[in-house]
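Undergrad: Got a structure for you, written out below as structure tokens; questions coming shortly.
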DNA sequence: GCTCTGCTTAGAGGA
């Protein structure tokens, strides 16, 4: 049997995870179908339990091999899930949003598609209105100010925010109409506040019917509800028990007055805007409205209401297992039974927040008693029970700790962190946090700057508090940019960081492909008058897109030959000729030919740029020429840093740029080109100004993935330049091409970006040249004269080495440190240095030790740690090296994979090849000659290769390398390290 | 066999 989630750790208890072993459908005594499951929660699969699904649950599509979570009572070894009691959650570790579940009732495919492909559900102006209104309401309730003037002011502010203006641009809306539409709702906000907040006596509050299951009284007593304060905005709830996730518009503290009794509760508050329709979602809304029995309800539904816990309309037979009713019920239970009798103040917010989360995640713990009563479990004597509970708790804790350590070992998590320093607020929704280990140093981790993370508390109740990314990580501190401010938690709170699972973005590439295949028959839909103009404009844009699709299909799928116009005079504007001529002056002949070809192209041009051929310069010149000719240009590349590389070179020329997309490290010289900075400096606060910016003759620069930006919904360009095109997958590379008449792809199908060349580097280059370019690569510049690596304290190091071993008697040491020796290969054949194969990958401890030893010697000799780079093809080896570095006080030396070193260089590069075995095992990784080519072309001054020659010889590319190393007189040779020298380590 | 980059996210409303 194949398990659906083989990594799931099966367990009992609150977070139980069962593996389904067998499923059978049987008829019970009443003649109704039941599904009987044989399940197990033991890793060894030996202890079997039974689960019976009745009523609607019978249609749950559960199969052998599935992982399920059960809620209810399984104490007897048999779980019974029916319409009254219990839940089965299929794939509980896939968290599904409430919206997706709601939309799945109408159309399952639709829900799955919109969860997978964002673009399948395009933005509408109603959504924009809804978003703005939500923000107005949230601001108003957190400031506790619902006066008409204040609401008006808030609406104005929010309306002017750049992200909303961008959406207006995308949708081609009239800003006055949007604003008016927003304002129409404001009185209902004020009314809501009047009804539910700020009243002097409880009798003034709107009456509503609430059934509070918590007090066990009859379900229809009338009570007054009073919203006291707002505790949180957009609080996220993740429940790995119910398999649900979502966000709460506003978390509020309310007082419920019934007769003489008053109860304080924390409740979620959900806001709905828009018109009433007969949809399931709106029917639910209507239900709620009825429950509130608000006699003065306006024609529109109430603008806001409490989504109270008791609300769970049952909608039967529309969805197996989990209907919206169930979702609501689930959420309801989550929020249930949490009454606190005294009113809580703002100072208690931290505690409240914590409590809050507890409520979200541990409803069943609170309900434990109730459930046992309901199922009639005979209670053992109390002390026994207490002991058992204690034991269970300890067991659970131990298990968690074990899991935690397992996670940390895998390198995808860092636990036991405490907050240090103050939280720095960057802007709304961005807070800079610093964390340190409570005890000891950071563990060895895969986490790197830029990685997306989920931040949780170590207590399970504080699960998934916030998300964000790693800004910086070193041996003692990890700095994260998070979407929530965690200073509300006590200083002693222990946190953990988990790497967010890769969100494989299939949306853009598949979206691009489907766009490529779109039919050219643009359809005009019927529309009302007020919508006519924007819709018309959208369709015009749409039909242009479709023309581009047709053309791209011809070129890319049908391989139509690209066309060129015969004469430059027809493309070069008269007044640009001089400028263009002067720009061309600085170029060599092939570069000038490339420029000409691009200018003459009607479809596309391909530019192959081998390392060192001045690819970036060529692109810059091209951009300058196109700009001078008055063409609009879209400039894209594979990575943010590659985009910025080009912009950095162009920054000295008088060219305007619009740099789109969020980069974590923006160069100060490029900062002024970012959209964010432009909008700030020009204080763009109206759609008119934004439209002016977007339509100006700025060169738009972004990554290939950045094409969902609003600007592309309304603009096309004369030229699109794609840098590093050979590194980008075709479906992604396709994206920007839809927005331009002509495109230029620049890249090297053999290799990667160029490097700074000098004499040593050129020798280094000869390696690469022989291996992959068959001698076609030439050194592009002779200007760099400082030939050798500078090691000011080398004498001291030499002395130290003499102390351990006779330096002059060991040619390998000379080979390594001799400045005039740019390349050497250290053969570990005789050491020996065998590889280790583990679940995390391949590593080689001896090689790692040698690398760290050599690195420390270079640093002692006076080399700057930042000038040294360590490369290994395997992640596991990086971990081992990093771990050794942490304990060797060598300082920050960059250790990375070959792939990550693409397009970059260092003065000294040490490569650990790792593979060393006698059985002839080969990995795929080193068979790719392009990877080897990258590894050996990253060094500017010194390249030290380390590995076991006989093992590596089995890889054809490496064999070629050894052949070359042996034959090349100018560079160093294969050097054997003798085992007695390992004493150094 | 073990490697990489790009994406904020759920929900914003309608049907």
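In our numbering, the protein residues as written are 287 to 1271.
Ideal Cβ placement from N, Cα and C applies to all residues, glycine included.
(1) Kindly indicate which three-state DSSP category residue 409 falls into: helix, strand or coil?
(2) With residue 526 and residue 733 assumed to form a contact (beta carbons below 8 Å), what rounded beta-carbon distance in angstroms separates them?
(3) Is the CB-CB distance between residue 1134 and residue 1234 below 8 Å?
(4) Are three or more beta carbon pairs between the stretch 740 to 752 and the stretch 774 to 781 nearer than 8 Å?
(5) Let me know the alpha helix (DSSP H) ranges lying completely inside the stretch 364 to 399, each 4 residues or longer, listed in chain order.
(6) Quick check on DSSP: helix, strand or coil for residue 1242?
(7) If contacts are defined as beta-carbon pairs under 8 Å, then residue 323 and residue 306 qualify, I think. What distance do you get, rounded to the angstrom?
(8) Taking Cβ positions, are residue 1162 and residue 1124 nearer each other than 8 Å?
(9) Does residue 885 come out as helix, strand or coil in the three-state DSSP assignment?
(10) Using a Cβ-Cβ cut-off of 8 Å (strictly less than) and excluding sequence neighbours within five positions of residue 1018, which residues of its own chain qualify?
(11) How would you label residue 498, buried or exposed, when you count the other beta carbons within 10 angstroms and need 16 or more for buried?
(12) How about residue 973 and residue 451: do their beta carbons lie closer than 8 Å?
(13) Looking only at its own chain, which residues have a Cβ that is under 8 Å from the Cβ of residue 535, when we skip the five neighbours before and after it?
(14) Between the C-alpha atoms of residue 298 and residue 1245, what's the straight-line distance to the nearest angstrom?
(15) Please work out which residues of its chain come closer than 7 Å, Cβ to Cβ, to residue 369, disregarding the five sequence neighbours upstream and downstream, and give them in chain order.
(16) Tell me the rounded alpha-carbon separation between residue 1181 and residue 1156.
(17) Determine the direct distance from the alpha carbon of residue 1228 to that of residue 1192, and round the result to whole angstroms.
(18) Please report the Cβ distance between residue 1202 and residue 1130, rounded to the nearest whole angstrom; I am assuming they are in contact, meaning their Cβ atoms lie under 8 Å.
(19) Taking the beta carbon of residue 1160 as the centre, do at least 16 other beta carbons fall within 10 Å, making it buried, or is it exposed?
(20) With a cut-off of 8 Å on the beta carbons, I'd call residue 880 and residue 904 a contact; round off their distance for me.
(21) Within the continuous alpha helix (DSSP H) that includes residue 755, where are the two ends?
(22) Between which two residues does the alpha helix (DSSP H) harbouring residue 946 extend?
(23) Need the endpoints of the beta strand (DSSP E) that residue 1182 sits in, please.
(24) Run through the DSSP bridge pairs and tell me what residue 553 is partnered with.
(25) Taking 8 Å as the cut-off, does the stretch 348 to 359 touch the stretch 386 to 395 (at least 3 CB pairs, one atom from each stretch)?
(26) Per DSSP, which one or two residues make a beta bridge with residue 854?
(27) In whole angstroms, what is the alpha-carbon distance linking residue 971 and residue 447?
(28) Which residues bound the beta strand (DSSP E) around residue 717?
(29) Just to confirm, is the Cβ distance from residue 475 to residue 530 under 8 Å?
(30) With C-beta atoms as the reference, is residue 717 less than 8 Å away from residue 753?
(31) Using a threshold of 8 Å, state whether the C-beta atoms of residue 1009 and residue 1026 are closer than that.
(32) Flag this pair as yes or no: are the beta carbons of residue 863 and residue 902 separated by less than 8 Å?
(33) Between residue 840 and the rest of its own chain, which residues show a CB-CB distance below 7 Å, the 5 nearest in sequence each way excluded?
(34) Give the straight-line distance between the Cα atoms of residue 309 and residue 785, rounded to the nearest whole angstrom.
(35) So what does DSSP say about residue 449, is it helix, strand or coil?
(36) If the criterion is Cβ atoms closer than 8 Å, does the pair residue 1020 and residue 802 meet it?
TA: Let's see:
(1) coil
(2) No, residue 526 and residue 733 are not in contact; Cβ-Cβ is about 22 Å, not under 8 Å.
(3) no
(4) yes
(5) 384 to 392
(6) helix
(7) 5 Å
(8) yes
(9) helix
(10) 794, 795, 798, 990, 991
(11) Low local confidence applies: a pLDDT of 45 at residue 498 is under 50, so the model's placement there is unreliable, with the coordinate-based value given in what follows. Buried, by the Cβ-count rule.
(12) yes
(13) 420, 423, 424, 519, 520, 554, 555, 556, 557
(14) 54 Å
(15) 341, 342
(16) 5 Å
(17) 9 Å
(18) 6 Å
(19) buried
(20) 6 Å
(21) Careful: residue 755 lies outside any alpha helix (DSSP H), inside the beta strand (DSSP E) at 752 to 759.
(22) Looking at the DSSP string, residue 946 is not in any alpha helix (DSSP H), and its letter there is neither H nor E.
(23) 1180 to 1183
(24) 538
(25) no
(26) Bridge partners of residue 854: none, in fact.
(27) 7 Å
(28) 716 to 723
(29) no
(30) no
(31) no
(32) no
(33) 846
(34) 35 Å
(35) helix
(36) yes
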